[in-house]
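55 is the number that my numbering gives to position 52 of the sequence shown; each next residue is one higher, with no gaps. Note that the Cβ used here is the ideal one computed from N, Cα and C, for glycine as well.
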Amino acid sequence: MLNIQLASKYATAIFEIAKEEKNLDGYDKDLARVRADVFSIPEAVKFFQNPLVPQQAKKDLLNRAFDKEISSTVMNFLMLLVDKKRIGVFSEIYDIFTSLKNKEQGILIADVTSAFPLTKKQQDALTRKLSNLTGRKIKVRTHKDTSILGGLIVKIGDKLIDGSAAGRLRALQASMRN
């Protein structure tokens, strides 16, 4: 709970700076790169979360990894997180930042689960259809789960649309019991 509160504090701070500079997408791109290049690697996460690793070693690694490839403000933010011993919750900070950005830009996230990967054309068609249904901008996040057999499960906020073959079979089975 404490980590989420701390992450929220830092995420809100970087969000406000990005908003003030009218550069939400630029900050998002830089933060996403840091997450993808460093915080998606389990060994790197352990390195940054380890209190025995000197702060300067963490800063040096970040500087070498992202020197001039991310904005100076984002780099300074990362250095602040290292100084305050909060770099270990970077992924949570990024998740909260993204939520704040999406809310500000009126974007809804649709988590789409399918048995097989969707093609770019299918994703684009689904995005258009969901945008028309909701009247909002939609960003699709895809997930693969072969247990659904076929079809799609779409979750937007607290709404769930189960169009999977497994879901239809469960519904059929339940109706036969009654």
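| Check | Outcome |
| --- | --- |
| Three or more C-beta pairs below 8 Å linking the stretch 107-116 and the stretch 152-163 | yes |
| Enclosing beta strand (DSSP E) for Gly154 [first to last residue] | 154-159 |
| Whole-angstrom distance between Met179 and Lys104, CA atom to CA atom | 46 Å |
| For Asn26, the nearest candidate out of Lys87, Phe42, Glu95, Glu107 (CA to CA) | Glu107 |
| Delimiting residues of the beta strand (DSSP E) encompassing Leu3 | The requested residue 3 is not part of the displayed model; the chain covers only 4 to 181. |
| Closest Cα partner of Leu121 within the set Leu34, Thr149, Lys88, Lys140 | Thr149 |
| Contact set for Ala39: own chain, Cβ-Cβ below 6 Å, skip 5 residues either direction | none |
| Segment limits, alpha helix (DSSP H) that includes Lys62 | 58-69 |
| Length of the line joining the Cα atoms of Lys49 and Ala168 | 40 Å |
| Among Arg139, Phe93, Ala128, the one whose alpha carbon lies nearest that of Ile110 | Arg139 |
| Cβ shell of Arg89 (< 7 Å), same chain only, five flanking positions each side left out | Leu9, Tyr13 |
| Beta-carbon spacing of Ile73, Asp31 below 8 Å | no |
| Residues bridged to Leu81 (per DSSP) | Leu81 is not bridged to any residue. |
| Same chain, Cβ closer than 8 Å to Phe42, neighbours up to 5 away in sequence not counted | Val48, Phe51, Phe93, Ser94, Tyr97 |
| Sub-8 Å separation of Val77 and Gln58 beta-carbons | no |
| Outcome for Leu129 when other beta-carbon atoms lying within 10 angstroms are tallied against a minimum of 16 | buried |
| Cβ distance (whole Å) where Leu83 is taken to contact Leu65 below 8 Å | Their Cβ separation, rounded to whole angstroms, is 11 Å, which puts Leu83 and Leu65 out of contact at 8 Å. |
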